[in-house]
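Under our numbering, the first residue of the sequence shown is numbered 589, with each subsequent residue one higher. Ideal placement from N, C-alpha and C gives every residue a C-beta, glycine not left out.
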Amino acid sequence: MKPVYYFALCVVFLFACSEEKKEQPAESKTDKAPVVAEDTSFYDAVPVMTHPADNPWSKEKEELGKLLYFDPRLSGDNTMSCATCHHPDKGWTDGLPRAIGFGGKELGRHSPTVINSGYFDVQFWDGRAPTLEAQAKGPIEAPDEMNQNIEELIGELNAIPGYKERFAQVFGESGITLDNIAKAIATFERSVVSKNSAYDKYIAGDKEEMSASAVNGMDLFFSKAKCVLCHNGPAFTDSGFHNIGVQQHGPLKEDLGRFNVSKDDFDKGAFKTPGLRSVSQTAPYMHDGSKATLKDVLEFYNRGGDVAENRSAFITPLELNDQEVLDLVAFLKALDGEPLKVAMPELPGMTDAG
589 MKPVYYFALC VVFLFACSEE KKEQPAESKT DKAPVVAEDT SFYDAVPVMT HPADNPWSKE
649 KEELGKLLYF DPRLSGDNTM SCATCHHPDK GWTDGLPRAI GFGGKELGRH SPTVINSGYF
709 DVQFWDGRAP TLEAQAKGPI EAPDEMNQNI EELIGELNAI PGYKERFAQV FGESGITLDN
769 IAKAIATFER SVVSKNSAYD KYIAGDKEEM SASAVNGMDL FFSKAKCVLC HNGPAFTDSG
829 FHNIGVQQHG PLKEDLGRFN VSKDDFDKGA FKTPGLRSVS QTAPYMHDGS KATLKDVLEF
889 YNRGGDVAEN RSAFITPLEL NDQEVLDLVA FLKALDGEPL KVAMPELPGM TDAG
């Protein structure tokens with residue numbers, strides 16, 4: 589069995605993160621002695637990516653999805669691609685507090701990373717898309733994002749030498765449709781996986797991979813800091829929604845998060861738990877991009893959040909000292925996977941991908 593200092597992982601099965609509707613967890617529950625988790629695979633390396641039955645993987649489909657992902661012609665004015673807000677060189681996000689949409693308009697939320705999104709149960713900060721395929725459709729049509737007319741897009745892609753043939757090869761007679769565009773993009777996005785981190789190597793037995801500070805941060809993560817309550821499993825997310833008490837920043841005076849989807853008062857101000865693999869590459873943080881660094885994030889949690897209204901009961905002051913905060917930062921950096929190198933493809937019908 590792997591080292592027992594991971595015992596706190598089983599807290600996930602016992603306590604707060606599931607947050608049954610209308611029933612907040614008692615704060616005292618997190619203080620009880622947890623039971624040792626016997627199934628250590630719970631915190632193993634990420635598993636092999638799976639693909640849905642109605643969108644099976646093929647090399648040709650992934651390659652087509654890569655072309656579409658980087659193609660600015662998917663936007664209404666041919667200036668924005670998926671990679672504009674989710675760029676490989678910026679941790680598969682855009683490095684900005686909040687996304688810049690169509691016509692240069694600042695949007696209300698931070699662009700979530702594509703990294704490991706294929707493991708998530710739902711997509712977007714509010715979970716409004718149940719699949720990567722559904723997620724891929726949303727920004728293309730959204731007036732504030734890529735603002736594309738789908739009929740015009742299909743006509744344009746059919747007229748571009750190379751696309752029509754590729755769609756026929758991958759999808760047969762159905763050819764170029766919005767569903768097939770989304771399926772190809774989602775297939776490519778599922779290839780964006782963070783793995784083989786220093787943490788994974790440490791867990792596998794190479795104790796030289798993590799510094800003493802990172803090891804101490806790991807112990808804190810699974811115990812005193814309570815990070816494991818929501819950041820658990822191989823991807824370090826419960827895919828749940830929680831109001832952690834973030835003070836809203838940006839153009840939106842109020843963002844109700846998951847409530848906009850569920851219409852349940854319990855979900856007001858709740859947002860999806862992000863995964864933590866390669867998290868040091870995806871700054872800034874929070875749904876509104878209001879925390880510039882990992883240290884800022886940990887100091888926020890250490891004080892128990894900033895807004896009390898509807899805040900989850902397990903968000904309470906942690907009483908971490910300065911060194912413990914730095915140790916947690918060191919551990920989070922140890923979750924960085926091997927570099928995800930993706931070269932800009934040569935787009936059909938374009939001599940310069942831009």
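Of the listed residues the options, nearest to residue i (C-alpha basis)
i	options	result
D924	L844, D788, L695 and L684	D788
K752	D884, L882 and L655	L655
I764	V634, R686, I748 and C818	I748
R846	A858, K795, K929 and D767	A858
P839	H675, G689 and V780	G689
N898	P927, P862, D853 and K929	D853
E777	Y707, V917, A901 and L882	Y707
T904	V930, N737, L817 and G653	L817
K860	S850, H875 and N848	H875
W713	R697, A724 and W645	R697
H837	S699, D767, E650 and P685	P685
A633	V781, S762, P731 and C673	V781
L695	P676, A730, A671 and R716	A730
E796	T881, A922, S827 and L928	A922
Residue i, buried or exposed, once every other Cβ within 10 Å from all chains shown has been counted against 16
i	result
I773	buried
N746	exposed
V681	One detail in the question is off: residue 681 reads as Thr in this sequence, not Val. Buried, by the Cβ-count rule.
E611	Because the pLDDT at E611 is just 36, under 50, the model does not fix this residue reliably, and the value given afterwards should be weighed accordingly. E611 comes out exposed.
D709	exposed
P622	For P622, the predicted model reports a pLDDT of 29, less than 50, meaning its position is unreliable; a value from the coordinates is still stated below. Label assigned to P622: buried.
Q535	Here the chain covers residues 589 to 942 and nothing more, so residue 535 does not appear.
T618	Low local confidence applies: a pLDDT of 26 at T618 is under 50, so the model's placement there is unreliable, with the coordinate-based value given in what follows. Buried, since its Cβ has 16 or more Cβ neighbours within 10 Å.
K771	buried
T825	buried
E978	Residue 978 lies beyond the residue range present for the chain, which begins at 589 and ends at 942; the question has no answer from this structure.
K841	exposed
N737	exposed
Extent of the continuous alpha helix (DSSP H) run through residue i
i	result
E926	Run containing E926: none; DSSP gives neither H nor E here.
I773	L766 to E777
V913	D910 to K921
E978	Residue 978 cannot be examined here, being either before or after the span of the chain that is shown, 589 to 942.
C951	Outside the displayed range of the chain (589 to 942) lies residue 951, so it cannot be described from this structure.
V885	L882 to N890
E934	No alpha helix (DSSP H) holds E934; DSSP gives it neither H nor E.
P727	L720 to E729
V849	F847 to S850
K789	A786 to I791
L746	Sequence inspection shows Asn at residue 746; the Leu mentioned does not correspond to that position. Unbroken alpha helix (DSSP H) run through N746: I738 to A747.
Is it a yes or a no for the segment 896–914 touching the segment 805–815, going by three-plus beta-carbon pairs under 8 angstroms?
yes
If we count Cβ pairs, one from each stretch, closer than 8 angstroms, do we get three or more for the segment 694–703 versus the segment 857–868?
yes
Stretch pair the segment 926–938 + the segment 652–670: three plus CB contacts closer than 8 angstroms:
yes
Okay, do the segment 830–839 and the segment 888–899 touch, 3+ Cβ pairs below 8 angstroms being the bar?
Counting Cβ pairs under 8 angstroms, three or more are found: they touch.
Tell me the start and end of each unbroken alpha helix (DSSP H) in the segment 629–686 that is at least 4 residues and wholly inside, in chain order.
Inside the segment 629–686, DSSP marks whole alpha helix (DSSP H) runs of 4 or more residues at positions 647–658 and 670–673, from first to last along the chain.
Touch test, the segment 629–644 against the segment 662–672, Cβ-Cβ under 8 angstroms, three pairs minimum:
no
Evaluate the contact criterion for the segment 913–928 versus the segment 874–892: three or more CB pairs, one atom per stretch, below 8 angstroms.
yes
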